[in-house]
Amino acid sequence: MPYIDTHTHLDFAAFDPDRDQVLSDCARLGVERLVLLGVTQRNWDRIWQLCRQHDNLFAAFGLHPMFMDEHRDGHIGALQQILAERLDDPRCCAVGEYGLDYWGKNADRNAQQQLFEAQLQLAVDCRLPSLLHVRRAHADVIATLKRYRPARGGIIHAFSGSPEEAREYHKLGFKLGLGGAATWPQATRLRQTIALLPGEQLVLETDSPDMAPAFHAHQRNSPALLPQIAKELAALRGESLDEFSARCWQNSCELFQWSPPALPA
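Numbering (my numbering), first residue to last: 12 to 276.
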């Protein structure tokens with residue numbers, strides 16, 4: 012069964028000692044495609060270098076709301092330029108990771124909103140999917156998406172919202188990224204919500220090296236763990252692994268406009 016990790020940070024230093032081995036493990040386990048997410052202007056080149064070296068890696072470029080201190084006035088212009096230069100290259104598949112994060116007490120919500128809207132406009136202009144980071148900010152993200160109505164939709168990374176919020180995202184053309192968080196037994200509300208979500212809205216992710224699943228607690232997360240994560244999520248939803256994984260694969264391919272396989276009968 013093939014898998015797509017729609018959200019990984021394989022470029023991070025945590026993978027420097029064994030990145031090639033991780034990719035070899037992914038190939039052996041069926042993780043056939045991985046999307047690497049930009050978080051600051053300085054990691055865009057690193058992501059692109061890796062994507063040029065490996066045919067199964069794809070790039071998204073963005074400015075993450077948790078790194079506001081690192082972003083500068085010229086970085087939106089730089090993002091616009093890099094998207095324009097690589098828009099015709101299939102390895103450039105999305106804008107992200109960007110969005111809103113209200114977790115910190117001192118979060119500058121106005122600055123985040125301005126940065127969010129600037130990147131959302133680029134996604135609209137370039138007709139690329141948006142890979143969104145949303146923490147304690149679903150209402151503001153949904154309201155903003157309703158104003159911009161991006162034609163290609165995107166993914167709500169590490170979805171932890173309510174069924175009602177999931178329905179609003181569905182109307183806006185957004186998939187929901189599921190990963191290791193729901194494998195933790197104490198995540199009762201999230202696990203209940205995931206069991207109710209429509210299959211056509213779900214995609215798989217790891218957020219590696221972060222958000223390790225319960226069966227790999229307190230260790231570096233890896234895209235090679237995606238099949239085991241999928242197995243646990245399928246069981247949570249009362250579905251077979253083949254059915255669940257095939258649906259997530261197809262959803263991801265549709266979003267990125269890749270050629271998907273037929274679903275099993």
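Think of the CB as a built atom: it goes at the ideal place given N, C-alpha and C, for glycine as much as any other residue.
Per DSSP, what kind of secondary structure is residue 276 in: helix, strand or coil?
On the sequence shown, position 265 is the one that residue 276 refers to. Note on residue 276: pLDDT 44, under 50, position unreliable in the model; no value is reported.
Residues that DSSP places opposite residue 186 in a beta bridge:
In the sequence shown, residue 186 corresponds to position 175, counting from 1. In DSSP, residue 186 forms a bridge with 166.
Whose C-alpha, out of 231, 215, 84, is nearest the C-alpha of residue 222?
Mapped onto the sequence shown, residue 222 falls at position 211. Checking every option, the nearest Cα to that of residue 222 belongs to 231.
Rounded separation between residue 220 and residue 108 - CA only:
Stepping through the sequence shown from its first residue, residue 220 is reached at position 209. Stepping through the sequence shown from its first residue, residue 108 is reached at position 97. Answer to the nearest angstrom: the Cα atoms are 15 Å apart.
Cα separation between residue 95 and residue 143?
Start at 1 with the first residue of the sequence shown, and residue 95 comes out as number 84. Start at 1 with the first residue of the sequence shown, and residue 143 comes out as number 132. Going from the Cα of residue 95 to the Cα of residue 143 covers about 20 Å.
Apply the 10 Å Cβ neighbour rule to residue 268 and answer buried if 16 or more other Cβ atoms are within range, or exposed otherwise.
On the sequence shown, residue 268 is found 257 positions in, with the first residue counted as 1. Per the 10 Å Cβ criterion, exposed.
Compute the distance between the beta-carbons of residue 256 and residue 241, then report whether it is under 8 Å.
Within the sequence shown, the letter at position 245 stands for residue 256. Within the sequence shown, the letter at position 230 stands for residue 241. It is a contact, given that the beta carbons lie within the stated cut-off.
With distances taken Cα to Cα, identify the nearest neighbour of residue 210 among 90, 127, 250.
The residue labelled residue 210 in the question sits at position 199 within the sequence shown. Of 90, 127, 250, the residue nearest in Cα terms is 250.
Rounded to the nearest angstrom, what separates residue 118 and residue 152 at their Cα positions?
As a first step, residue 118 is located in the sequence shown; it is residue number 107 there, counting from the start. As a first step, residue 152 is located in the sequence shown; it is residue number 141 there, counting from the start. If you take the alpha carbons of residue 118 and residue 152, they lie about 15 Å apart.
Out of curiosity, what's the CA-to-CA distance linking residue 141 and residue 70?
As a working note, residue 141 is residue 130 in the sequence shown. As a working note, residue 70 is residue 59 in the sequence shown. Approximately 12 Å, taken between the alpha carbons.
Any Cβ of chain D within less than 8 Å of the Cβ of residue 253?
Protein chains in the displayed structure number just one, and chain D is not present.
For the alpha helix (DSSP H) containing residue 267, list its first residue and its last residue.
Within the sequence shown, the letter at position 256 stands for residue 267. First-last of the alpha helix (DSSP H) with residue 267: 252-267.
Which of the three DSSP states is assigned to residue 159 in this structure?
On the sequence shown, position 148 is the one that residue 159 refers to. Reduced to three states, the DSSP call for residue 159 is helix.
Smallest Cα separation from residue 131: which of 73, 104, 203, 169?
To locate residue 131, count along the sequence shown from 1; it is residue 120. For the residues 73, 104, 203, 169, the minimum Cα distance to residue 131 belongs to 73.
Test item: CB-CB of residue 266 and residue 167 under 8 Å
Residue numbering aside, residue 266 sits at position 255 when the sequence shown is read from its first letter. Residue numbering aside, residue 167 sits at position 156 when the sequence shown is read from its first letter. Result no, Cβ atoms of residue 266 and residue 167 do not sit closer than 8 Å.
Opposing strand residues paired with residue 103 [DSSP bridges]:
The residue labelled residue 103 in the question sits at position 92 within the sequence shown. 70.
CB of residue 106 within 8 Å of CB of residue 133, strictly
By 1-based counting over the sequence shown, the position of residue 106 is 95. By 1-based counting over the sequence shown, the position of residue 133 is 122. A contact, by the Cβ cut-off of 8 Å.
Which residue from 83, 25, 183 puts its Cα closest to that of residue 159?
Translated into the one-based positions of the sequence shown, residue 159 becomes position 148. Nearest C-alpha to residue 159: 183.
Counting C-beta neighbours from all protein chains within 10 Å, is the total for residue 190 16 or more, i.e. buried, or is it exposed?
Within the sequence shown, the letter at position 179 stands for residue 190. When all chains shown are included, residue 190 counts as buried.
DSSP beta-bridge partners for residue 144?
Stepping through the sequence shown from its first residue, residue 144 is reached at position 133. Per DSSP, 110, 168.
Check whether the Cβ atoms of residue 47 and residue 68 lie closer than 8 Å to each other.
Residue 47 sits at position 36 when you count from the first residue of the sequence shown. Residue 68 sits at position 57 when you count from the first residue of the sequence shown. Contact flag set, yes.
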